[in-house]
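Going by this note's numbering, the residue at position 202 of the first sequence is 206; the numbering climbs one at a time, nothing skipped. Note that beta-carbon positions come from the ideal geometry of N, C-alpha and C, so glycine has one too. Here is the structure we will look at.
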Amino acid sequence: MGRSPCCEKAHTNKGAWTKEEDQRLISYIRAHGEGCWRSLPKAAGLLRCGKSCRLRWINYLRPDLKRGNFTDDEDELIIKLHSLLGNKWSLIAGRLPGRTDNEIKNYWNTHIKRKLLSRGLDPQTHRRIGESFSDMLNSSPREISATPEPEIFAISAKPEPNFLAISSPNNNNRNPVDSVEEANRSGMSEEEQIYPEINLELSISLPFQSQPPPTNLDESKNQTTICLCCHLGFQSNGSCTCQRIPNSYDLRYYRPMDC
DNA sequence: AACAGGGGCAACCGCCCTAGC
DNA sequence: CGCTAGGGCGGTTGCCCCTGT
């Protein structure tokens with residue numbers, strides 16, 4: 005039993021949108037709001053797939069969209085966010101008001117990739133081109149942390165496969181443990197330490213946590229582990245199964261698989 | 001002026017996630 | 001608890017325009 009198609013393809017238009025179609029879509033959404041995309045085309049009198057309408061609205065017709073070229077500041081912000089988040093275009097778009105995920109994705113593929121290559125940086129890893137795997141392992145946690153791939157996270161994460169480790173002292177020459185202690189003292193997250201100007205708070209409606217998240221600190225080994233649930237403010241919902249993770253060197257967010 | 005090639009971008013495709021039943 | 005519909009997302013495609021020859 006397959007999934008039913010989102011629309012009857014035989015009776016839908018494809019390709020570029022006409023001005024009249026745009027106008028119909030805008031008028032309908034102004035009157036009825038967004039949502040229920042599947043039934044929208046029929047209700048609005050459009051011979052389009054619901055998904056197509058959604059895409060057209062989100063990427064092109066929405067009134068709050070910022071059209072025009074990306075600024076240098078936006079460029080740099082996208083690069084930094086990509087180094088932290090990888091190809092999570094919607095998350096990146098969430099930090100750039102008026103820009104869409106599709107727009108940023110296209111811009112990345114056409115402009116920024118080239119820009120990074122011209123700087124001698126690999127657009128996916130944000131590391132110097134030609135840097136070997138062993139170089140990476142021998143590199144400071146700062147360099148490792150800039151890699152978005154989960155398996156790279158796992159390298160610094162030791163045996164547990166379900167780890168999300170974010171390690172990143174600002175200064176490559178400093179002892180990572182010092183950085184952790186400093187981070188703890190300052191109350192800054194590790195991401196904030198990498199790019200202090202970027203607010204990576206991605207939650208929309210979670211209540212503000214006035215108290216610092218609980219941490220399990222093993223004084224004797226200088227270990228600090230923060231459960232991601234706790235960090236995000238979910239620790240009171242009963243699903244959090246915090247546990248201490250032995251590690252030798254840096255601040256980690258620990259996310260148990262079923263947490 | 002005509003043509004070819006490449007780049008940019010809008011739109012589509014197919015998979016994934018989740019809420020609702 | 002499993003199934004389905006609806007919506008979201010990342011990757012890919014294809015068309016149009018610009019530039020170089």
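Asked                                                                                                                                                             : Found
In the DSSP assignment, what residue or residues form a beta bridge with L125?                                                                                    : R132
Alpha helix (DSSP H) containing S64: first to last residue?                                                                                                       : The sequence given here places Tyr at residue 64; Ser does not occur at that position. No alpha helix (DSSP H) holds Y64; DSSP gives it neither H nor E.
Let me check understanding here. Comparing Cα to Cα, which of R66, W112 and P67 lies closest to N73?                                                              : W112
Let's see if you can read the secondary structure: which residues bound the alpha helix (DSSP H) around A20?                                                      : Neither: A20 is in no alpha helix (DSSP H) and is coded neither H nor E.
According to DSSP, simplified to helix, strand and coil, what is L120?                                                                                            : helix
With a threshold of 16 other CB atoms inside 10 Å of the CB of A97, please say whether the residue is buried or exposed.                                          : buried
If you draw a straight line from the alpha carbon of I30 to that of L95, how long is it in whole angstroms?                                                       : 25 Å
For N110, report the span of its alpha helix (DSSP H) as first-last.                                                                                              : D105 to Y111
In this structure, does DSSP put G98 in helix, strand or coil?                                                                                                    : helix
Between I116 and W93, how many whole angstroms is the CB-CB distance? I'm expecting something under 8 Å.                                                          : Not quite, the Cβ-Cβ distance comes to about 12 Å (not below 8 Å), so this is no contact.
Please list, in chain order, all residues of the same chain as R132 whose beta carbon is under 8 Å from its beta carbon, the five residues on each side excluded. : G124, L125 and D126
By the three-class DSSP mapping on this structure, what secondary structure does E80 have?                                                                        : helix
Any idea what DSSP makes of C24, helix, strand or coil?                                                                                                           : Before going further, note that residue 24 is Glu rather than Cys in the sequence given. In the structure shown, E24 sits in a helix (DSSP, three-state: H, G or I).
When burial is assigned at 16 or more other CB atoms within 10 Å of the CB, is H86 buried or exposed?                                                             : buried
Just to confirm, are A20 and Y32 a CB contact at a threshold of 9 Å?                                                                                              : no
Is C57 helix, strand or coil by DSSP?                                                                                                                             : helix
How would you call T104, buried or exposed, if buried means at least 16 neighbouring beta carbons within 10 angstroms?                                            : buried
The alpha helix (DSSP H) with K46 in it runs from where to where?                                                                                                 : L44 to A48
If we call anything under 9 Å between Cβ atoms a contact, is S56 one with K18?                                                                                    : yes
Out of curiosity, what's the CA-to-CA distance linking R28 and I82?                                                                                               : 34 Å
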